[in-house]
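All residue numbers for the sequence shown refer to the numbering used here, where the first residue is 1 and numbers rise by one. Even glycine gets a Cβ: it sits at the ideal position worked out from N, Cα and C. All figures in this text were calculated on a predicted structure; none of them were measured in a lab.
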Amino acid sequence: MMPRLSALHTIWLMTRMRCLRQRNLLLHGLLRGLARKATRDGNGGKRSTSWILGGMVAVTMAISLLSISSNIVLNLQCHVVSSSACHHSSPDIGGAARNRIAAAELEKTPSFAAPLQHALALELGALFLVSVLLSLGNKELAQPDWDLEWLVTLPVSRSSLLWGRVVERSAANLIGILLFGAAYGMIAWYGGHGWASVPLALLAAIALLPLSAIVQTLADTGLRMALPASQLRNLQALISLLGLPLMYLVIATSMPEASSFIMDWARASPAWLMWTPPGLLLQAMQAPGSGALITSLCLFALQSIVLLWGGVILLSYQLRHGVVRSGARESARRIAVGSATQSPVRSMAQAEPHSASQQAGWLEWLLSPIQRRELRLLSRDRNFLVQTLVLPLVIVFSQLIFNGKLDSLAELGQHHAATAAIAFSIGAYVLMLSAFQTVNNEGQVLWLLYTMPQSLNDILKQKARLWAVLGLLYPLAVFAIGAYYSTAYEWSTLIPLLTALVGIPIYSILAVALGVFACNPHAVDTRNKVKPTFVYLYMLLASFYIWSITASFWWQKLIVTVLITSMALALWQKARDAMPYLLDPAAAPPARVALADGLIGATAFFILQGVAVLILADAPNQVDLRATTLGFISAGILVYVLMRLYYWRARTAGVPAILRGTRFASTLKAVLPAAALAIAAGLLDQSVIRHSAYAPMLHLKVEGNPTLQYWLLGLTVLAAPLCEEFIFRGLIFGGLRRTLTPLLSALVSAAIFAVVHPPLSMLPVFVLGLCTAWAYQRSQTLLAPMLVHALYNAAVVTALLLG
Numbered sequence: 001m002m003p004r005l006s007a008l009h010t011i012w013l014m015t016r017m018r019c020l021r022q023r024n025l026l027l028h029g030l031l032r033g034l035a036r037k038a039t040r041d042g043n044g045g046k047r048s049t050s051w052i053l054g055g056m057v058a059v060t061m062a063i064s065l066l067s068i069s070s071n072i073v074l075n076l077q078c079h080v081v082s083s084s085a086c087h088h089s090s091p092d093i094g095g096a097a098r099n100r101i102a103a104a105e106l107e108k109t110p111s112f113a114a115p116l117q118h119a120l121a122l123e124l125g126a127l128f129l130v131s132v133l134l135s136l137g138n139k140e141l142a143q144p145d146w147d148l149e150w151l152v153t154l155p156v157s158r159s160s161l162l163w164g165r166v167v168e169r170s171a172a173n174l175i176g177i178l179l180f181g182a183a184y185g186m187i188a189w190y191g192g193h194g195w196a197s198v199p200l201a202l203l204a205a206i207a208l209l210p211l212s213a214i215v216q217t218l219a220d221t222g223l224r225m226a227l228p229a230s231q232l233r234n235l236q237a238l239i240s241l242l243g244l245p246l247m248y249l250v251i252a253t254s255m256p257e258a259s260s261f262i263m264d265w266a267r268a269s270p271a272w273l274m275w276t277p278p279g280l281l282l283q284a285m286q287a288p289g290s291g292a293l294i295t296s297l298c299l300f301a302l303q304s305i306v307l308l309w310g311g312v313i314l315l316s317y318q319l320r321h322g323v324v325r326s327g328a329r330e331s332a333r334r335i336a337v338g339s340a341t342q343s344p345v346r347s348m349a350q351a352e353p354h355s356a357s358q359q360a361g362w363l364e365w366l367l368s369p370i371q372r373r374e375l376r377l378l379s380r381d382r383n384f385l386v387q388t389l390v391l392p393l394v395i396v397f398s399q400l401i402f403n404g405k406l407d408s409l410a411e412l413g414q415h416h417a418a419t420a421a422i423a424f425s426i427g428a429y430v431l432m433l434s435a436f437q438t439v440n441n442e443g444q445v446l447w448l449l450y451t452m453p454q455s456l457n458d459i460l461k462q463k464a465r466l467w468a469v470l471g472l473l474y475p476l477a478v479f480a481i482g483a484y485y486s487t488a489y490e491w492s493t494l495i496p497l498l499t500a501l502v503g504i505p506i507y508s509i510l511a512v513a514l515g516v517f518a519c520n521p522h523a524v525d526t527r528n529k530v531k532p533t534f535v536y537l538y539m540l541l542a543s544f545y546i547w548s549i550t551a552s553f554w555w556q557k558l559i560v561t562v563l564i565t566s567m568a569l570a571l572w573q574k575a576r577d578a579m580p581y582l583l584d585p586a587a588a589p590p591a592r593v594a595l596a597d598g599l600i601g602a603t604a605f606f607i608l609q610g611v612a613v614l615i616l617a618d619a620p621n622q623v624d625l626r627a628t629t630l631g632f633i634s635a636g637i638l639v640y641v642l643m644r645l646y647y648w649r650a651r652t653a654g655v656p657a658i659l660r661g662t663r664f665a666s667t668l669k670a671v672l673p674a675a676a677l678a679i680a681a682g683l684l685d686q687s688v689i690r691h692s693a694y695a696p697m698l699h700l701k702v703e704g705n706p707t708l709q710y711w712l713l714g715l716t717v718l719a720a721p722l723c724e725e726f727i728f729r730g731l732i733f734g735g736l737r738r739t740l741t742p743l744l745s746a747l748v749s750a751a752i753f754a755v756v757h758p759p760l761s762m763l764p765v766f767v768l769g770l771c772t773a774w775a776y777q778r779s780q781t782l783l784a785p786m787l788v789h790a791l792y793n794a795a796v797v798t799a800l801l802l803g
C-alpha cells in the first residue's frame, strides 16, 4: 500500500508539477526555434523564429504595463487631489506636461494624499477582480476533463489536496504577477522607495496571489459541481465578457481625457477600501513609521489567514459528496437517456419539415459547402458565437466609453474619421476572434481537411471570404448609424469610410494566414494550440491601419493600404507553402523565393540606408548628395550580399539572375519599348506638374554645381537601378509570380514600388514599375529592368536639370 503523503509534501509536489509544466511550456516556446529538427525525405527541417517575436512581445507588454501603471498614479494625482497644481492647470498643456507636474509633486511629499490613496485602493481592488475573472475566463473552465477528478485519487487528505491546489495556482498565476507587480511597483516608486520598489512590488504580488487563487478555486469548483459542461462553456464566454470592461475601466484612469464619470468614481472611492487586503498593502507601502507598517502587515496577514482558511473549509463542503456530480460524462448520460426516451415518431415528425434541403435554401446558392459548414459550427458553439459576434462590441465600446472618446451614438454622425476607425476596429476584432482561429478550431480533426477533394489552400480561401463578409456586417451597421445622425454629407467623408471597408477583406486574408502560423496542432493542451505572439502581431498591424484611416492625407492612406495588402499576400504565400506540412512536426517546405523575402529586403534596405547616410554625413542635419549616394550604394550592396548568402545556404530555388543566360538581342527588344513608355509617362507627369501649384517642388538644389549634379546622376542612373531592381523586380515581382498571374504580379509590385517614392512621382513610378516588370518577364534576367530604370531616371533627371 502506498504511504500517505504529508500536507507539506503534497503541496510541494503539486506546486512543483505546475511550475515545471509552466517552465517547460515557456522553454519550449523560446528555444524550439534555436535548433532545426531532423530532416526527412529531402525536406529541410523546421526552424521557428517565433522565440524572437515572443521575446519582443513580452518586453513590449512589460513596458506597456509599467507605463499604464505610472500614468494611473499620475493621472489620479491630477484629478482627485484638489490641492495638486496639475489639478488646476489648463487642459491645453497636454497630458505629458500634467504628468510631469504630478510626478514632481509626488517626489516632494513623503506619502500620498488621502483621496489618492482611496482611489488607488479602488484601482487595486478592480485589478484583483480582473485577475480572478481572467483566470476564470480561460478555456480551463470549459474543458470536459477536470484534473481534480484524478488528483483526489492520490494518497493524501482532502484538505492537503485543496491547500496544494491554492498554492500551485498562486505560483503559476503569471497574469497576476504582472498586474499586481506593475501596479505596486509604480506606487512604491512614486512613494519614494527607489529601486527597492522592485522587490516590494514582487512581494506584494506574491502576497495577493493566494487570495486570488482561493476565489478562483471556489468559483470554478462550485460551478463545475452545479452546472453541466454545455452551460459551463456558455458561462465561460460570459465571464470573459465581464472581465474586459473591468480591465478597460482600470486602463481608462491612465488616460488624461478619460470620461468624467470614471474620475467621479475615483473621487468617491470609500475609505473602507483601504482595509481590504490590496488596500492594506498600499497602507504598508505608504506607512509613515514602523508602527503603522507593522499594523498594516499584521492586519493583512490576519485577513489572509482567515480568508484562506475559510475558503478551504468552503471547498471541503463543496466536495463533501465527491468530485463527480454534474460533469461532462454525467450530463452526457442524462442527454443520452433523455434522447432515448423521446418518441422516435415525434422526432421524425419534428425533423421532417426541417430537412437539410429546406434548411439550406438560398444558402446553397450563395455559399459553398465549406462555408455552410463553418456557419453551422458557429451556430452550434455558443462560446465561439459570443466570442465572435459579441466580444468585439464589448471591447471596442468599452474602450471608447471609458476613455472618453464616445459619449453618445450621435457623435458617430459628427466625426466621420472616428466613425470609420470604430467600424474597422470592430471588424478587425471580429476577424481576430474568428478568421484567426480558422485552423485552430478544427482541433483534432484537422487531418480530415487533407482528405477532401479540394486543397487546404482553397478551403481556407473560402473561409477567408466568408469571414470577410461577416466582418463587414458590423462596419456597415456603424456606418448606417453614422449616416442617420450625420447632418452634412461631403465626398471627402467617404474616403475614411472606404478605407475602412477595403481593410476588412485584407485583414481577413491576414488573419487566416497568421492563424496558420499561430496554430500548433501538436499541442496536447488546447489552451496552447494558438501562439499568442501572432495575436499581438495582428493587433499591431490593425492599429497601424487604424492610424491610416485617421491620417490627414490621401497618400498616407494609400501607402499603408498597399503595404498591408502586400504583407497579407506575402503571409498567405508563406502559409500556403506551410499548409502541406502542418501535421508533420519535422518536415518543412523547400526554400523558394517569396514575396516576404522582398518585403524584408526592402525594409532592411531602407533602414540600412538611413543608418549609412547618418554615418557618412558631416552632421545629422547636414545630409548631402554624396552621403545619400554612398549610403544608398552601401545599403544596396549589403542587402544583396546578405540575401544571396541566405539563398545559398538555404539552397533556395528561383533566385533572380542579373546576367546569367542573358540574350542581348531579346534584352534590347524588351528594353526599348518599355523605356520609351516609361519615359513618356515621366515627362508627361513633369509637364502637368509645371502647370500646377506644385511647380516649385520640381526645382532641384543642384543647379550651377557640377559636383552635385554628378552625384545626383550617379544616384539615379547607377545606384537606384542596380539596388532597387534586385528587390522590387527580382524578389517582390518574382515572389508574386508564384501566387498571382504575371499581370497581377506586375500591378502589385508596381504599387509597392510607387508608394516608397514621393507622392508627386507615384503615378509615373507606377508606370515605370509596370514597364520594368514587363521587361523582366520577357527577358527573365534583371539586366533588362535595370536598363529601363536607368534610362527612365536619366531622361527625367535631365529634363529637370534643363527645365
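{"query": "Do residue 549 and residue 676 have their CB atoms nearer than 8 Å?", "result": "no"}
{"query": "Taking only the alpha-carbon atoms, compute the straight-line gap between residue 464 and residue 14 and give it to the nearest angstrom.", "result": "43 Å"}
{"query": "Does residue 391 pass the burial test, meaning 16 or more other C-beta atoms within 10 Å, or should it be called exposed?", "result": "buried"}
{"query": "Does the contact criterion of 3 or more C-beta pairs under 8 Å hold for the stretch 639-657 versus the stretch 713-730?", "result": "yes"}
{"query": "Considering Cα atoms alone, identify which of 82, 278, 422, 540 is closest to residue 125.", "result": "278"}
{"query": "By the 10 Å Cβ neighbour count, where 16 or more other Cβ atoms means buried, how is residue 632 classified, buried or exposed?", "result": "buried"}
{"query": "Nearest-angstrom Cα distance between residue 238 and residue 130?", "result": "14 Å"}
{"query": "Between the stretch 608-615 and the stretch 623-632, do at least 3 Cβ pairs fall closer than 8 Å?", "result": "yes"}
{"query": "Rounded to whole angstroms, what is the Cα-Cα separation between residue 553 and residue 477?", "result": "26 Å"}
{"query": "If you compare alpha carbons, which of 209, 75, 199, 374 is closest to residue 251?", "result": "75"}
{"query": "Straight-line CA distance for residue 319 to residue 158?", "result": "9 Å"}
{"query": "Mind checking residue 99: buried by the 16 CB within 10 Å criterion, or exposed?", "result": "buried"}
{"query": "Taking C-beta to C-beta, are residue 479 and residue 497 nearer than 8 Å?", "result": "yes"}
{"query": "Rounded to whole angstroms, what is the Cα-Cα separation between residue 366 and residue 202?", "result": "57 Å"}
{"query": "Give a yes or no on whether the C-beta atoms belonging to residue 254 and residue 71 are separated by under 8 Å.", "result": "yes"}
{"query": "Could you tell me whether the Cβ atoms of residue 510 and residue 739 are closer together than 8 Å?", "result": "no"}
{"query": "Put residue 414 into one of helix, strand or coil per three-state DSSP.", "result": "coil"}
{"query": "Just to confirm, is the Cβ distance from residue 545 to residue 560 under 8 Å?", "result": "yes"}
{"query": "Please state the DSSP three-state secondary structure of residue 286.", "result": "coil"}
{"query": "Should residue 521 be listed as close to the ligand SAM, given that the test is whether its C-beta is under 7 Å from any heavy atom?", "result": "Absence of the ligand SAM from the depicted structure is noted, as is the absence of any ligand whatsoever, leaving it without description."}
{"query": "Suppose the cutoff is 6 Å on Cβ atoms and the five residues either side in sequence are ignored; what does the same chain contact list for residue 566 look like?", "result": "752"}
{"query": "Would you check if the distance between the CB atom of residue 749 and the CB atom of residue 719 is smaller than 8 Å?", "result": "no"}
{"query": "With C-beta atoms as the reference, is residue 735 less than 8 Å away from residue 540?", "result": "no"}
{"query": "Would you tell me roughly how many angstroms separate the C-alpha atoms of residue 794 and residue 576, rounded to the nearest one?", "result": "41 Å"}
{"query": "Could you check what DSSP says for residue 216 in three-state terms: helix, strand or coil?", "result": "helix"}
{"query": "By the three-class DSSP mapping on this structure, what secondary structure does residue 382 have?", "result": "helix"}
{"query": "Which residue marks the beginning of the alpha helix (DSSP H) containing residue 690, and which one marks its end?", "result": "664-690"}
{"query": "Residue range of the alpha helix (DSSP H) that residue 611 falls in?", "result": "595-616"}
{"query": "Only counting the same chain, and skipping five residues up and downstream in sequence, which positions put a Cβ closer than 8 Å to that of residue 246?", "result": "126, 129, 130, 133"}
{"query": "Is residue 468 near residue 508, with beta carbons less than 8 Å apart?", "result": "yes"}
{"query": "Going by DSSP in three states, residue 113 sits in which element: helix, strand or coil?", "result": "coil"}
{"query": "Quick check: residue 424 and residue 301, are their CB atoms within less than 8 Å of each other?", "result": "no"}
{"query": "Pull the bridge partners of residue 619 from the DSSP assignment, please.", "result": "622"}
{"query": "Just to confirm, are residue 200 and residue 184 a CB contact at a threshold of 8 Å?", "result": "yes"}
{"query": "Since residue 652 contacts residue 602 with CB under 8 Å, what's their CB separation in whole angstroms?", "result": "Incorrect: roughly 18 Å between the Cβ atoms, too far for contact."}
{"query": "If I'm right that residue 395 touches residue 429 with Cβ under 8 Å, what's the distance once you round it to whole angstroms?", "result": "6 Å"}
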